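Asks: Going down the list, the protein sequences come from chains A and B.
Note that UniProt numbering numbers the first sequence so that position 52 is 52, with each residue one more than the last.
Note that UniProt numbering numbers the second sequence so that position 47 is 47, with each residue one more than the last.
Backbone N, C-alpha and C define an ideal beta-carbon position, used for all residues, glycine too.
Keep in mind the model is a prediction, meaning the values are calculated, not measured.
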Amino acid sequence: MASHLSTRDRLLSLIDDIELIAKEIIEVAIAPKPQKLSAADHAQLTELLLSKDAELKKTLELADEQAKIQEKMNELKAEVYNKDQDISLLQRQLKDAEQILATSLYQARQKLASIVKSRKRPVPSEELIKFAHRISASNAVSAPLSWQPGDPRRPYPTDLEMRLGMLGRLCDLPLNGHAPSTLNDLHRITTGGVPASATNQFTWHPSGELHMSVGGGNSVAIDGRGKDAPAQEDVEVMSTDSSSSSSSDSQ
Amino acid sequence: MENNTDHSERLSPITVQEVDVDFLPIVYEIIRSVERDFLDNSVKVQESQGCSLKVIDLQKKLDIARTQIKRLPGIELNKQDQLKQFEILQTQLRLKRELLQKYRNMCSFETSFK
């Protein structure tokens with residue numbers, strides 16, 4: 001029964017017992033002679049008081065031990081709390097890593113799939129070099145090193161070539177509901193003569209601005225450059241092969 | 001006021017050595033003064049008053065001991081239950097350490113492609 005009680009309750013009940021016994025002893029001592037207890041009973045009460053006092057002291061020793069255990073438990077609790085913090089931090093980091101890895105795995109799988117695909121249909125390197133040579137031979141990538149103003153070899157089309165191309169011809173499409181229904185129609189339109197209205201649609205001005213003429217003879221300046229000058233400088237630096245003759249190309 | 005006292009009692013734990021449980025000397029003194037026979041009446045009255053004071057002292061001492069016991073740390077449970085709790089905490093800490101170790105050692109990646 002007593003073992004189920006907490007040490008605090010045991011101590012408090014022992015004090016209650018000591019109080020009761022002490023009161024009993026004092027009352028007996030005060031009581032008139034006929035009501036007094038026999039010496040044996042008195043001795044028994046005294047012994048009981050002594051045993052309770054001894055038990056109280058013993059229980060206090062136990063409380064001292066428990067206080068030390070409690071101290072260790074507090075340290076353990078603090079350590080458990082720290083570990084909890086570490087675990088939650090690690091879990092969060094692992095979760096992040098998992099997300100990053102999942103993305104990388106997805107991309108790696110895509111790359112592996114494309115590797116497998118390329119292995120199934122290999123292209124010989126000679127073929128690739130030949131094709132690259134064909135592309136660069138026509139100056140479609142960059143102008144030759146010995147390029148001079150007026151040289152038609154360049155990696156972009158001239159104004160005239162643009163107007164003759166499909167994009168230039170698309171501007172001449174009739175707007176009265178007749179749209180080219182077949183590829184042949186489109187081809188016929190684009191391979192026809194250059195219309196007079198298209199010839200002066202874009203004109204270069206010495207200032208370097210591109211002007212597009214709209215109805216009524218007005219022209220709208222299209223600022224091809226960036227808003228800030230450094231950006232424009234960057235563009236000029238990057239395209240050294242082809243930008244030096246923008247004004248003379250339209251001739 | 002009493003609530004504040006209770007609160008401060010709960011906040012400041014004391015050690016067992018600070019608990020005063022020496023009740024026997026006072027009980028002994030009380031009994032001795034009761035059982036003494038005095039011929040002089042005035043001395044008898046004086047002794048009786050002294051005895052009453054000692055009884056009040058005993059009562060006070062008992063109350064103080066109760067209050068002090070309530071401030072003792074780690075005695076909310078009996079020793080067996082406390083040791084069980086201690087073991088539970090130790091197990092918890094061991095498991096958490098193992099979990100942390102597992103988390104730290106789990107970063108071994110398979111790098112070979114098949």
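Return no unless some Cβ of chain A is closer than 8 Å to the Cβ of I69 (chain B).
Replies: Translated into positions along the second sequence, residue 69 (chain B) becomes position 69. It does; some Cβ of chain A falls within 8 Å.
Asks: My output table needs one value for V28 (chain A): the three-state DSSP class, helix, strand or coil.
Replies: In the first sequence, residue 28 (chain A) corresponds to position 28, counting from 1. V28 (chain A) falls in the helix class under three-state DSSP.
Asks: Closest to V141 (chain A) by CA distance: which of A:Y81, A:P157 and A:D64 is it?
Replies: Locating residue 141 (chain A) in the first sequence gives position 141, where the first residue counts as 1. The shortest Cα separation from V141 (chain A) among A:Y81, A:P157 and A:D64 belongs to A:P157.
Asks: With 8 Å as the limit, tell me which residues of the region 85-105 of chain B have their beta carbon closer than that to any beta carbon of chain A; keep them in chain order.
Replies: Q85, F86, L89, Q90, Q92, L93, K96, R97, L99, L100, Y103 and R104
Asks: Which same chain residues end up closer than 8 Å to V34 (chain B) when comparing Cβ atoms and leaving out the 5 residues on each side of it in sequence?
Replies: Taking the second sequence and counting its residues from 1, the one referred to as residue 34 (chain B) is at position 34. The residues are C51.
Asks: Strictly below 7 Å CB to CB, what residues from chain A border E18 (chain B)?
Replies: Taking the first residue of the second sequence as position 1, residue 18 (chain B) is located at position 18. For E18 (chain B), there are no neighbours in chain A by C-beta distance under 7 Å, as the nearest C-beta there is about 11 Å away.
Asks: Within the continuous alpha helix (DSSP H) that includes V141 (chain A), where are the two ends?
Replies: The count along the first sequence starts at 1 and reaches residue 141 (chain A) at position 141. Note, V141 (chain A): premise wrong, no alpha helix (DSSP H); not H, not E.
Asks: Could you tell me how far apart the beta carbons of Q49 (chain B) and I14 (chain B) are, in whole angstroms, since I believe they sit closer than 8 Å?
Replies: Residue numbering aside, residue 49 (chain B) sits at position 49 when the second sequence is read from its first letter. Residue numbering aside, residue 14 (chain B) sits at position 14 when the second sequence is read from its first letter. About 33 Å separates the two Cβ atoms, so there is no contact after all.
Asks: Exposed or buried, what is D22 (chain B) when buried is set at 16 or more other beta-carbons lying within 10 Å of its beta-carbon?
Replies: Start at 1 with the first residue of the second sequence, and residue 22 (chain B) comes out as number 22. It counts as exposed.
Asks: Name the residue from A:L164, A:P34 and A:L11 whose alpha carbon lies nearest to the alpha carbon of K70 (chain B).
Replies: Your numbering for residue 70 (chain B) matches position 70 in the second sequence. The shortest Cα separation from K70 (chain B) among A:L164, A:P34 and A:L11 belongs to A:L11.
Asks: Would you report the Cα separation of I109 (chain A) and Y81 (chain A), rounded to the nearest angstrom?
Replies: Position 109 of the first sequence, counted from the first residue, corresponds to residue 109 (chain A). Position 81 of the first sequence, counted from the first residue, corresponds to residue 81 (chain A). Here residue 109 (chain A) is Arg; the residue named in the question, Ile, does not match the sequence. For R109 (chain A) and Y81 (chain A), the distance between alpha carbons rounds to 41 Å.
Asks: Going by other Cβ atoms of all chains shown within 10 Å of its Cβ, with 16 needed for buried, is I88 (chain B) buried or exposed?
Replies: The sequence position of residue 88 (chain B) within the second sequence is 88, counting from 1. Result: exposed.
Asks: Within this structure, are the beta carbons of E29 (chain B) and K54 (chain B) separated by less than 8 Å?
Replies: Within the second sequence, residue 29 (chain B) is the residue found at index 29, counting from 1. Within the second sequence, residue 54 (chain B) is the residue found at index 54, counting from 1. In this structure, K54 (chain B) lies closer than 8 Å to E29 (chain B) by Cβ.
Asks: By how many angstroms is the C-alpha of R163 (chain A) removed from the C-alpha of A132 (chain A)?
Replies: Position 132 of the first sequence, counted from the start, is the residue given in the question as residue 132 (chain A). Position 163 of the first sequence, counted from the start, is the residue given in the question as residue 163 (chain A). Their backbone Cα atoms lie some 27 Å apart in a straight line.
Asks: So which residues of chain A does N41 (chain B) contact, with C-beta pairs closer than 8 Å?
Replies: If you number the second sequence from 1, residue 41 (chain B) lands on position 41. Chain A residues near N41 (chain B): none, gap ~18 Å exceeds 8 Å.
Asks: Quick one: list the residues of chain B neighbouring Q66 (chain A), beta-carbon separation under 7 Å, in chain order.
Replies: The residue you call residue 66 (chain A) lines up with position 66 of the first sequence. What Q66 (chain A) touches in chain B: G74, I75, K79 and Q82.
Asks: Quick check: A63 (chain A) and T7 (chain A), are their CB atoms within less than 8 Å of each other?
Replies: Counted from its first residue, the first sequence places residue 63 (chain A) at position 63. Counted from its first residue, the first sequence places residue 7 (chain A) at position 7. Taking 8 Å as the Cβ cut-off, A63 (chain A) and T7 (chain A) qualify as a contacting pair.
Asks: For a cutoff of 8 Å on Cβ pairs, would you count R119 (chain A) as touching chain B?
Replies: For the purposes of this step, residue 119 (chain A) is taken as the residue at position 119 of the first sequence. Not an interface residue.
Asks: Are the C-beta atoms of K72 (chain A) and some chain B residue less than 8 Å apart?
Replies: Your numbering for residue 72 (chain A) matches position 72 in the first sequence. So yes, K72 (chain A) belongs to the interface.
Asks: Could you give the distance in angstroms between the alpha-carbon of D17 (chain A) and the alpha-carbon of S38 (chain A)?
Replies: Counted from its first residue, the first sequence places residue 17 (chain A) at position 17. Counted from its first residue, the first sequence places residue 38 (chain A) at position 38. Cα-Cα distance, rounded: 21 Å.
Asks: Within 10 Å of its beta-carbon, does R119 (chain A) have 16 or more other beta-carbons around it, so buried, or fewer, so exposed?
Replies: Here residue 119 (chain A) refers to the residue found at position 119 of the first sequence. By the neighbour-count rule (16 or more Cβ atoms within 10 Å), R119 (chain A) is not buried but exposed.
Asks: What span of residues does the alpha helix (DSSP H) with N74 (chain A) cover, start to end?
Replies: Start at 1 with the first residue of the first sequence, and residue 74 (chain A) comes out as number 74. Unbroken alpha helix (DSSP H) run through N74 (chain A): A39 to K120.
Asks: Between the C-alpha atoms of E18 (chain B) and L60 (chain A), what's the straight-line distance to the nearest angstrom?
Replies: Taking the first residue of the second sequence as position 1, residue 18 (chain B) is located at position 18. Taking the first residue of the first sequence as position 1, residue 60 (chain A) is located at position 60. Using only the alpha carbons, I get a separation of about 11 Å.
Asks: Rounded to the nearest angstrom, what separates R97 (chain B) and S114 (chain A) at their Cα positions?
Replies: In the second sequence, residue 97 (chain B) corresponds to position 97, counting from 1. In the first sequence, residue 114 (chain A) corresponds to position 114, counting from 1. Near 44 Å, if we compare the C-alpha coordinates of S114 (chain A) and R97 (chain B).
Asks: Please say whether A143 (chain A) and R153 (chain A) have beta carbons closer to each other than 8 Å?
Replies: Position 153 of the first sequence, counted from the start, is the residue given in the question as residue 153 (chain A). Position 143 of the first sequence, counted from the start, is the residue given in the question as residue 143 (chain A). Contact flag set, yes.
Asks: Hey, I31 (chain B) and I15 (chain A): beta-carbon distance below 8 Å or not?
Replies: The residue labelled residue 31 (chain B) in the question sits at position 31 within the second sequence. The residue labelled residue 15 (chain A) in the question sits at position 15 within the first sequence. Not a contact, by the Cβ cut-off of 8 Å.
Asks: Assuming contact is defined by CB atoms lying nearer than 8 Å, are F86 (chain B) and I69 (chain A) in contact in what I supplied?
Replies: As a position in the second sequence, residue 86 (chain B) is number 86, starting the count at 1. As a position in the first sequence, residue 69 (chain A) is number 69, starting the count at 1. Yes; because the gap between Cβ atoms is below 8 Å, this pair is in contact.
Asks: Is DSSP giving P124 (chain A) helix, strand or coil here?
Replies: By one-based count along the first sequence, residue 124 (chain A) stands at place 124. Residue state, collapsed to three classes: coil.
Asks: Residues of chain A with CB under 7 Å from I30 (chain B), in chain order?
Replies: Mapped onto the second sequence, residue 30 (chain B) falls at position 30. At a C-beta separation below 7 Å, I30 (chain B) has these neighbours in chain A: I26.
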